[in-house]
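Reading through the structure tokens given below for one structure.
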Amino acid sequence: MLNTKFSFVICLFLGMHVPAFSQSILSNLDAEINEIVEQIKPSVVTVSALIPRVNNKEEKSLFSFFGDSESNTADTLHAPITNIGTGIVLHEQGYVVTKSSVVAGADFIYVQFDKDTIYLADFLGFDRKKSIALLRIDAPGLIPLKIGDPDLLRAGSWTVLVGNSLGIASSVSLGNVNLVHPDGLLQIAVNTSPGNNGSPVMNSRGQVIGMVSGRLTLATGKKTGGASGTECALVTPIDQILDACTRIGDEYHRNHGWIGITVKPYEDKYPKVVTVYDGSPADKSGLKKGDVLMQVDTTAMQNFFDLRKIMQNAKPGKDLTLHIKRNGEPLVLNLTTSQMPVVPDFSDLKPEIASEPDAFMQNNRVKPRQFEQRMLMMERQIQSLKNQLNKLK
7 MLNTKFSFVI CLFLGMHVPA FSQSILSNLD AEINEIVEQI KPSVVTVSAL IPRVNNKEEK
67 SLFSFFGDSE SNTADTLHAP ITNIGTGIVL HEQGYVVTKS SVVAGADFIY VQFDKDTIYL
127 ADFLGFDRKK SIALLRIDAP GLIPLKIGDP DLLRAGSWTV LVGNSLGIAS SVSLGNVNLV
187 HPDGLLQIAV NTSPGNNGSP VMNSRGQVIG MVSGRLTLAT GKKTGGASGT ECALVTPIDQ
247 ILDACTRIGD EYHRNHGWIG ITVKPYEDKY PKVVTVYDGS PADKSGLKKG DVLMQVDTTA
307 MQNFFDLRKI MQNAKPGKDL TLHIKRNGEP LVLNLTTSQM PVVPDFSDLK PEIASEPDAF
367 MQNNRVKPRQ FEQRMLMMER QIQSLKNQLN KLK
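Residue numbers (my numbering): 7 to 399.
Pasting the structure below:
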């Protein structure tokens, strides 16, 4: 398997020594990829999930940032496991999709855009068949990814995979479609890492056409250069993801109660009301911005997250008694939870139709085999240059 990434970098620096047509292709390709990455950066996030540790002594996770299997200290044995993956902003109202294995069983889920922008996420549900999870965050001004049409992909189509590692920098991999399965699942030849679970896969126009849902290594038979197989990513097409998110949202809307507030920590313990939505149960009860929740029914707020846990288990139509403080004075308010606001119908998100063909892909379209032959030729020329340089030393 050719090390195409290495070839791309070397050829960009030594372009004067390679054929003009190859230099043009690589230069255009580099510009296309950079443009795609910059365009989608605000829409690709890190998803971190804190998972309770179950079997302390034997457990070991590829994603764990906490704990050492050889340590027996109490702190280590009870520290949570942290799963790390990538997520995709699907809707400006705060909806993010990721791989379900990243967040399964989590007590707390965080969505991170950069080093300083982190949000606590609500888990809305997951689709077992597609292995995807839908999250929601209270964040303003979100930019969703543009939707592409996976039906236009064929074996040999080029794609760009973009991951997000702790909000620090995007990891970018170039790949091509090996196979389109009858159920629509895409098999793409591309280098992946565990943190790429949930990563978007883009077409040449910067539109998302799928999400990484797994990886596999295809045996090639004869070992060459120490490699025994080709690494591939399994990609769930975006249209199937949107349909699954719509089902998840509908179920959450029907089965979860809502009071219509956003809160922030007060004195590192109590939930303080930041927003009261007009017409919500909280609004009708008289709850106001700045009120501090001390107790809900018989549950005293021992932790900022206690309110979140209560609301996750509350059904529509449940009566709640809120014990609050307003300007230091105690008050008691009563309300009845309602259904969650209607979640967007994600299946209504349609692929954008380009007004004109992609210039780079139209003018420089080559078959994968032709591209591989050209890359092999350039690698030979680079090796020849290296040999000549060694003789001059």
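Just so it is clear, CB atoms sit at the ideal spot from N, CA and C, and this is done for glycine as well.
- In the three-state reduction of the DSSP assignment, Leu-339 falls in the strand class, which pools E and B.
- Annotation for Asp-155: Pro-357 place their beta carbon closer than 6 Å to its own, counting only its chain and skipping 5 residues before and after.
- Nearest to Leu-158 by alpha-carbon distance, out of Asp-122, Ile-138, Gln-213, Leu-180, is Gln-213.
- Assigned with DSSP and collapsed to three states, Ser-107 falls in helix.
- When secondary structure is reduced to three states using DSSP, Asn-170 falls in the strand class.
- In this structure, the CA atom of Glu-257 is about 37 Å from the CA atom of Pro-336.
- When secondary structure is reduced to three states using DSSP, Tyr-258 falls in the helix class.
- Contact between Leu-130 and Phe-352 fails: their C-beta atoms lie close to 12 Å from each other, not under 8 Å.
- With 16 or more neighbouring CB atoms inside 10 Å of its own CB, Val-196 falls in the buried class.
- In this structure the segment 324 to 335 does not touch the segment 234 to 250; the number of beta carbon pairs closer than 8 Å is below three.
- With respect to the C-alpha of Tyr-272, the residue from Lys-152, Asp-133, Lys-295, Leu-355 having the closest C-alpha is Lys-295.
- For secondary structure counted as the beta strand (DSSP E) over 3 or more consecutive residues, the segment 177 to 206 holds these complete runs in sequence order: 192 to 195.
- DSSP places Pro-347 in the coil class of the three-state scheme, outside both helix and strand.
- Nearest to Leu-326 by C-alpha distance, out of Pro-146, Ser-291, Pro-350, is Ser-291.
- In this structure, Pro-277 sits away from Thr-342, with a CB-CB distance that is not shorter than 8 Å.
- Comparing alpha-carbon positions, the option among Phe-119, Thr-165, Ser-163, Ile-138 lying closest to Leu-148 turns out to be Phe-119.
- Following the DSSP letters along the chain, one finds Ile-149 in no alpha helix (DSSP H), marked with neither H nor E.
- Classified as buried, Glu-38 has 16 or more neighbouring CB atoms from the shown chains inside 10 Å of its CB.
- For Lys-331, no alpha helix (DSSP H) segment is defined; the enclosing uninterrupted segment is the beta strand (DSSP E) at 325 to 332.
- Counting only the Cα atoms, Asn-261 lies some 27 Å from Ile-124.
- Of the candidates Pro-188, Lys-324, Leu-140, the residue whose Cα lies closest to the Cα of Ala-127 is Leu-140.
- For Asn-89, the uninterrupted beta strand (DSSP E) run begins and ends at 87 to 97, by DSSP.
- Under the DSSP assignment, Ser-54 falls outside any alpha helix (DSSP H), being part of the beta strand (DSSP E) whose first and last residues are 50 to 57.
- The Cβ-Cβ distance between Ser-219 and Leu-185 does not fall below 8 Å.
- Rounded to the nearest angstrom, the gap between the Cα atoms of Val-108 and Asn-203 is 7 Å.
- Look at the segment 241 to 311 and you find these whole runs of alpha helix (DSSP H), each 4 residues long or longer: 244 to 261, 287 to 291.
- In this structure Leu-328 is not in contact with Leu-355, their Cβ atoms being roughly 37 Å apart against a cut-off of 8 Å.
- Between Gly-91 and Gly-263, the C-beta gap is not smaller than 8 Å, which leaves the two residues out of contact.
- Setting aside the 5 residues that flank it on each side, Leu-56 is surrounded in the same chain by Pro-86, Thr-88, Ala-112, Asp-113, Phe-114, each with a C-beta closer than 7 Å to its C-beta; the list follows chain order.
- One thing to note: Val-279 has its Cβ no nearer than 8 Å to the Cβ of Asp-303.
- Taking C-beta atoms as the reference points, Ile-194 and Val-178 fail to come closer than 8 Å.
- Annotation for Gln-213: no beta strand (DSSP E) segment contains it, and DSSP assigns it neither H nor E.
- The beta carbons of Ile-143 and Val-103 sit about 12 Å from each other, so the pair does not count as a contact at 8 Å.
- Bounds of the beta strand (DSSP E) holding Asp-128 are 123 to 133.
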